[in-house]
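This report concerns only the one structure given below.
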Amino acid sequence: MSLIKLIRRYLLVSVLIVLLLGCISHFLIFRFFIHYSSDEMLKDQKVKIENYIARNDTLPLAATLVLKPARIEVKKIENLQSFPAEIFKDTVMYSEETGTFTPYRQLYFTVSYKDEHHLININQPTVISDDLFYAIVSSLLILLLLFILFTYAIEYLLNRNIWKPLNYNLQKLHEYDLRANTVLELKNPGIKEFDEINNVILRMVGKINADYENSRLFTEDASHEMQTPLSIIKSKMDLLMQNSSLMQNEENEKNMKAISRATSRLSKLNKSLLLIAKINNNQYTEKKNIQLDKLLELYLTDLEELFETKELSINTDIQACCLYMNSDLADIMLSNLLSNAIRHNVVQGYIDIILNESQLIIRNTCKKTEEKTANLFNRITFHNKSEDSSGLGLNIVKSICDSNEFTIQYDYPEDDIFSINIRFC
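Shown next as C-alpha cells:
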C-alpha cells in the first residue's frame with residue numbers, strides 16, 4: 185500500500201470517528217442549551233404569573249392574556265409541603281394542528297392565594313429531537329464533505345510539492361544501474377527529513393559505486409596478470425614434455441600431464457572470469473538484430489558429430505526469433521548452453537530444444553544427482569568437474585541474460601532430466 189493511500193485511510197477513519205462523536209456531543213450540547221432557553225422562558229412566565237396574582241388578586245385562567253390558551257394549568261392542592269417549590273420536566277403533547285405529538289418543557293410551581301394552595305403548570309414547546317438530530321447530522325455531513333474536498337485539495341498540493349519529487353526519486357532508484365556508470369541525481373523536495381534521506385542514499389550509492397569499481401578493476405587486473413604467468417607455465421610445460429629423457433620416467437610423465445591439465449583448466453577458468461567481468465561491465469556495447477533461430481541451427485549442424493558420439497537424440501521445435509543483442513554474446517550463450525547439454529548428458533540420452541519469439545527451452549537427460557538444490561548460477565558452486573571445462577558455463581549464460589534483461593531459470597522435472605528456460609520478455 186502506498187503512503188498516500190495509508191494517510192488517506194487514516195484520515196477517513198479519523199473523520200468518521202470525529203463525525204460520530206460530533207453528532208453525539210452536538211446533540212447533547214444543543215439539547216442542553218434548548219432546555220436552558222426554555223427554562224429561562226418558563227421562569228419569566230412564572231414571574232409574570234406571580235405578578236399577575238399580586239396585581240389583580242386573582243388566579244390567571246387559560247383564557248387570560250398572560251399566556252396563550254392551553255399553556256397554563258391551575259390545580260388546587262391541600263398540602264403545600266408535599267410539592268417542591270419549582271420543578272422542570274419534559275413531556276409531549278398532541279397538536280391538533282399538525283396531528284403529531286410535540287415535545288414540551290414544563291414548569292411546576294406552587295402559589296398561595298386567599299389561604300389556598302395551588303399547583304400551576306406552564307408549558308413551553310421545544311425543538312423536536314428528531315428534527316434537531318437530523319439538522320445536526322446534515323450539518324456535520326456537509327462539514328465532512330467539505331473536509332473530504334479540502335483533504336483531496338491538500339493531497340493534490342502535496343503530490344505536486346512533496347510526493348512528485350519523491351516518486352521521481354523512487355523511479356530514478358529503480359532505473360539506476362551500477363554497471364551503466366552513470367551519476368544518480370535525486371530531487372530535494374525542500375523537506376528536512378526527505379532531503380536527509382536523499383543525502384544518505386547518495387552517500388550509500390557513492391560507497392557502493394566505489395566498492396564496485398574497485399572490485400571490477402581488481403577482477404580485470406587479476407585476470408590479466410594471471411594470464412601471463414599461466415602462458416609461461418604452459419609453454420615451459422610443453423618444452424619439458426618434449427624432453428624425451430625426462431619423459432622416459434613414467435612417474436615424471438604422469439606428473440607432467442597432471443600439471444599440464446591443471447594449468448589448462450586454470451587458464452580456461454581465468455578466461456571465463458575475465459569474460460564475466462567484461463559482460464558485467466557492459467563492454468559488449470555493439471548490438472544488432474540477431475536471428476537466433478538461424479544461429480541455433482548452425483550450431484546444431486556443427487555439433488552433429490558430438491551428438492553422434494554420445495548417441496544423443498535431438499528433438500527440436502525452432503520458430504523464428506529475432507533478438508536485439510550483441511552478436512558475440514549470442515554466440516557464447518548458445519555455445520555454453522549446448523555444450524552444457526552435451527557434457528552433462530548420458531549415452532543414448534536426448535536433448536529437447538524449443539525456441540520461439542518469447543523463450544528458449546533446452547531439456548536434456550543427465551546423471552542422477554543428489555545436489556538438486558544447489559544454485560548452479562553461483563560462481564562458488566563448481567558443478568562441473570570435467571577437465572575440459574572451466575565450470576562457469578552457466579554463470580556466463582546468467583551474466584549474458586542479466587545484461588540483456590532476460591529471465592533465466594533451471595529445473596529438474598525428474599531426477600535424471602535437467603531443463604533450463606530463458607524468457608526474452
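First residue of the sequence shown? That's 185 in the numbering used here, and the numbers climb one at a time after it.
Just so it is clear, CB atoms sit at the ideal spot from N, CA and C, and this is done for glycine as well.
Taking a cut-off of 8 Å on C-beta distances, the region 392-409 does not touch the region 435-450, as fewer than three cross pairs fall below it.
Spatial neighbours of E495 in its own chain (CB-CB distance under 7 Å, excluding positions within 5 residues in sequence) are listed in chain order as V531 and Q532. Within the DSSP bridge table, the entry for Q503 names no partner. S587 has its alpha-carbon roughly 15 Å from the corresponding atom of Q593. By the C-beta density criterion, K376 is exposed, having fewer than 16 other C-beta atoms within 10 angstroms.
Each of K232, N240 and L200 was checked against the Cα of I304, and the nearest Cα belongs to K232. Residue environment for H528: buried (at least 16 other C-beta atoms within 10 angstroms of its C-beta). It is roughly 11 Å from the alpha-carbon of N520 to the alpha-carbon of Y483. In the DSSP secondary-structure assignment, E300 is bridged to Y297. Rounded to whole angstroms, the gap between the alpha carbons of L291 and K230 is 8 Å. When DSSP assignments are scanned along the region 449-532, the uninterrupted stretches of beta strand (DSSP E) that are 3 or more residues long and fall wholly within it turn out to be 472-475, 497-502 and 506-509.
By the beta-carbon neighbour count (other beta carbons within 10 angstroms, threshold 16), M388 is exposed.
Taking C-beta separations shorter than 6 Å and ignoring five residues to either side along the sequence, the partners of T500 in its chain run I537, following chain order. When rounded, the separation of the alpha-carbon atoms in T493 and D512 is 27 Å. Between N436 and L430, the alpha-carbon positions lie close to 7 Å from each other.
One alpha carbon belongs to M421, the other to K441, and they sit about 9 Å apart. At a Cβ-Cβ threshold of 7 Å, N433 and Y468 do not count as neighbours. According to the DSSP secondary-structure assignment, S279 is paired through a beta bridge with T284. R547: member of the beta strand (DSSP E) spanning Q543 to T549, first to last residue.
Shown here, I592 sits in a strand according to DSSP, grouped into three states. With fewer than 16 other CB atoms across the displayed protein chains lying within 10 angstroms of its CB, T366 is exposed. Exclusion of the five residues before and after K471 leaves Y508, M509 and N510 as the residues of its chain whose Cβ lies within less than 8 Å of its Cβ.
By the Cβ rule, the region 237-244 does not count as touching the region 262-270, because fewer than three pairs are nearer than 8 Å. By the beta-carbon neighbour count (other beta carbons within 10 angstroms, threshold 16), A504 is exposed.
Per the DSSP secondary-structure output, N307 pairs in a beta bridge with Q290.
Note on geometry: alpha-carbon atoms of I526 and L490 lie some 8 Å from one another.
L357 is the residue among L362, L487, L357 and E380 whose C-alpha sits nearest the C-alpha of E369. For Y194, the closest C-alpha among the options F216, L329, H408 and T335 is that of T335. For R344, there is no enclosing beta strand (DSSP E), since its DSSP letter is neither H nor E.
Boundaries of the beta strand (DSSP E) harbouring V258: I256 to I261, taken from the DSSP string. Take Y278, set aside five residues on each side of it, and the residues of its chain with a beta-carbon closer than 6 Å to its own are F285, in chain order. Inclusion of Y288 and P268 in the CB contact set at 7 Å is not warranted, their separation being larger than that value. Here S407 really is in contact with A461; their C-beta atoms are around 7 Å apart, less than 8 Å. The region 325-342 and the region 212-222 do not touch, with fewer than three beta-carbon pairs separated by less than 8 Å. With fewer than 16 other CB atoms across the displayed protein chains lying within 10 angstroms of its CB, G283 is exposed. Apart from the 5 residues on each side of it in sequence, F590 sits with its Cβ closer than 7 Å to the Cβ of I606, R607 and F608 in its chain, given in chain order.
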